[in-house]
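Below is one structure; the comments refer to it alone.
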Amino acid sequence: MEKALERQLDETMNNPGVVGVLCADKQGLCLGARGTGERQTCGLITSLAETAQKLHPDESSSPVISIETDNMQILIKSKEGITTAVYKSST
Amino acid sequence: MSMPECRKELKKYFNHLMSLVEGLYAIIITDRDGVPVFKVSTENAPELALRPTFLSTFGMATDQASKLGLSKNKSMISTYSAFQVVHLNKLPLIVTMVASSKTNTGMLLALERDFDNVLKDMRAVVDIS
Amino acid sequence: MQNLERIPDSLGYLVISEDKAVVSSGGELENDEKTAALVYNLVQKAYRIPVMGDKRDGFKKLTINWDSFFYAITVSNNRIYVCKRQYNPQEPMVA
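Residue numbers (the working numbering), protein chains in the order written: chain R, 182 to 272; chain W, 14 to 142; chain V, 137 to 231.
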């Protein structure tokens, strides 16, 4: 039943610069992972997305979180109970 | 470092881990019989879940789970209506985390990496070899 | 600390110390301890995310983006610097 998700993750990996994808559910458990995305990070990204949402006065709107280092950018977004993290390499 | 200083440092470290995960009520490290080696808990933790009689059940459960043909059992997550309990098999030690059922389970599992450093030294306390 | 106010489109700023105290603040984030506590929590978690191939220094920049504004967060000298800025989209944020 995860075929559609697996296909979407593979498609995402084909985008230029993408080196990893992670999908987590509401409880922080891993739904799917590709490339540099490690399964143990799923709890962290869900927790990050939940905390970030509290920064907006209207707590129902979910932001896009970007974590940047010298060579990598991680983009995190939560929608309908699923949190996704995309790892993009800038090199 | 003297013994009481050691305990204080450990307690500080574990309390820091507890503050990282909302709804984590207790972290207990025991031997396989449930005898506590180290424990940190808040007053929200259900008393019964901190007792050896409860903690020792994982010792038996992990043995049985390892016989399912999937190789050694590493961890177990038990969910109840108001709580969840995550056990980690680090024999001869067992790590038990008691949290609210709404707590981010993934974060609890991610704490395993933090325990490994501490457990390396604690293992010597219970090792009979 | 008034340098943070001079950031273009700045709506507010916060500087948080390592013991979660607000060192200075201004604009919409003036004395906003609630936001400071949330950002501290956020930074603690973001630092734990392993970023492959980079030194274990953690991230350089953390941004939280909504439709009309965003928070730009960075850590330097054991202090967390937060700036709330207007977002005028020229090109869409690809996520």
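We put the CB at the ideal spot given by N, CA and C, even for glycine. These figures come from a predicted structure and were not determined experimentally.
Contacts around residue i, its chain only, beta-carbon distance under 7 angstroms, and the 5 residues preceding and following it disregarded
{"i": "Glu240 (chain R)", "result": "Gln234"}
{"i": "Met137 (chain V)", "result": "Unreliable placement is indicated for Met137 (chain V), whose pLDDT of 48 sits below 50; the coordinate value is still reported in the next sentence. Here the set comprises Val151 and Ser160."}
{"i": "Ile143 (chain V)", "result": "Cys219 and Arg221"}
{"i": "Ser270 (chain R)", "result": "Gly198, Val200, Asn252 and Met253"}
{"i": "Asn102 (chain W)", "result": "Thr75, Asn86, Lys87 and Ser88"}
Contact belief for residue i with residue j at Cβ below 8 angstroms, rounded distance in angstroms
{"i": "Glu166 (chain V)", "j": "Gly194 (chain V)", "result": "At roughly 28 angstroms, the Cβ-Cβ gap does not stay under 8 angstroms, so Glu166 (chain V) and Gly194 (chain V) are not in contact."}
{"i": "Ala74 (chain W)", "j": "Met89 (chain W)", "result": "6 angstroms"}
{"i": "Ile248 (chain R)", "j": "Ala182 (chain V)", "result": "6 angstroms"}
{"i": "Asp46 (chain W)", "j": "Ser69 (chain W)", "result": "5 angstroms"}
{"i": "Ile41 (chain W)", "j": "Pro49 (chain W)", "result": "6 angstroms"}
{"i": "Leu30 (chain W)", "j": "Asp134 (chain W)", "result": "Incorrect: roughly 16 angstroms between the Cβ atoms, too far for contact."}
{"i": "Ser242 (chain R)", "j": "Trp202 (chain V)", "result": "6 angstroms"}
{"i": "Val245 (chain R)", "j": "Ala231 (chain V)", "result": "5 angstroms"}
{"i": "Thr10 (chain W)", "j": "Glu35 (chain W)", "result": "With chain W running from 14 to 142 in the structure shown, residue 10 (chain W) is simply not present."}
Proximal chain W residues relative to residue i, where beta-carbon distance stays under 7 angstroms
{"i": "Gln180 (chain V)", "result": "Leu33"}
{"i": "Ala205 (chain R)", "result": "Gly119"}
Residue i: contacting residues in chain R (beta-carbon distance under 7 angstroms)
{"i": "Leu174 (chain V)", "result": "Thr232, Lys235 and Leu236"}
{"i": "Ala123 (chain W)", "result": "Gln221, Gly224 and Leu225"}
{"i": "Met120 (chain W)", "result": "Gly209, Gly224, Leu225 and Ser228"}
{"i": "Asn117 (chain W)", "result": "Gln208, Gly209, Gly224, Thr227 and Ser228"}
{"i": "Tyr217 (chain V)", "result": "Ordered by position in chain R, no residue passes the 7 angstroms Cβ test against Tyr217 (chain V), which lies about 15 angstroms from the chain."}
Paired residues, beta bridge with residue i - DSSP
{"i": "Tyr87 (chain V)", "result": "This structure does not reach residue 87 (chain V), given that chain V is present from 137 up to 231, and the question cannot be answered."}
{"i": "Leu150 (chain V)", "result": "V:Ser161 and V:Val218"}
{"i": "Asn102 (chain W)", "result": "W:Ile107"}
{"i": "Arg20 (chain W)", "result": "Per DSSP, none; premise fails for Arg20 (chain W)."}
{"i": "Gly201 (chain R)", "result": "R:Gly216 and R:Tyr268"}
{"i": "Asp44 (chain W)", "result": "W:Leu106"}
{"i": "Cys211 (chain R)", "result": "R:Ala205"}
{"i": "Gly253 (chain R)", "result": "Note that residue 253 (chain R) corresponds to Met in the displayed sequence, not to Gly. Per DSSP, R:Ser270."}
{"i": "Leu37 (chain W)", "result": "W:Ala112"}
{"i": "Pro144 (chain V)", "result": "In DSSP, Pro144 (chain V) forms no bridge with anything."}
{"i": "Ser91 (chain W)", "result": "W:Val98"}
{"i": "Ser247 (chain R)", "result": "R:Leu256 and V:Thr199"}
{"i": "Pro49 (chain W)", "result": "W:Thr43"}
{"i": "Ser54 (chain W)", "result": "W:Ala39"}
{"i": "Ser212 (chain V)", "result": "V:Arg215"}
{"i": "Ile263 (chain R)", "result": "R:Lys260"}
Contact test: residue i Cβ vs the ligand NAP heavy atom, cutoff 7 angstroms
{"i": "Leu178 (chain V)", "result": "Absent from the structure shown: the ligand NAP. Ligands present: none."}
Nonlocal neighbours in the same chain, by C-beta distance under 6 angstroms from residue i, ignoring five residues either side
{"i": "Gly209 (chain R)", "result": "Cys223, Gly224 and Thr227"}
{"i": "Tyr217 (chain V)", "result": "Val151 and Thr210"}
{"i": "Ser91 (chain W)", "result": "Val98"}
{"i": "Ala172 (chain V)", "result": "Leu150, Ile152 and Val158"}
{"i": "Thr66 (chain W)", "result": "none"}
{"i": "Ala214 (chain R)", "result": "Leu203 and Arg220"}
Within chain V, partners of residue i - CB distance below 7 angstroms
{"i": "Glu249 (chain R)", "result": "Phe195, Lys196 and Lys197"}
Partner residues on chain W for residue i, Cβ-Cβ distance less than 9 angstroms
{"i": "Ala185 (chain R)", "result": "Those within 9 angstroms of Ala185 (chain R) in chain W number zero; the least Cβ separation is about 22 angstroms."}
Cutoff 8 angstroms; reference residue i; Cβ partners in own chain excluding five residues on either side
{"i": "Asp44 (chain W)", "result": "Val50, Pro105, Leu106, Ile107 and Val139"}
{"i": "Phe206 (chain V)", "result": "Thr199, Ile200, Lys220, Arg221 and Tyr223"}
{"i": "Tyr93 (chain W)", "result": "Ser114"}
**Asked** Counting Cβ pairs, one atom from each stretch, are 3 or more of them under 8 angstroms apart for the region 53–61 of chain W and the region 116–123 of chain W?
**Response** no
**Prompt:** Would you say the region 82–102 of chain W touches the region 14–25 of chain W, given that touching needs at least three Cβ pairs under 8 angstroms?
**Reply:** no
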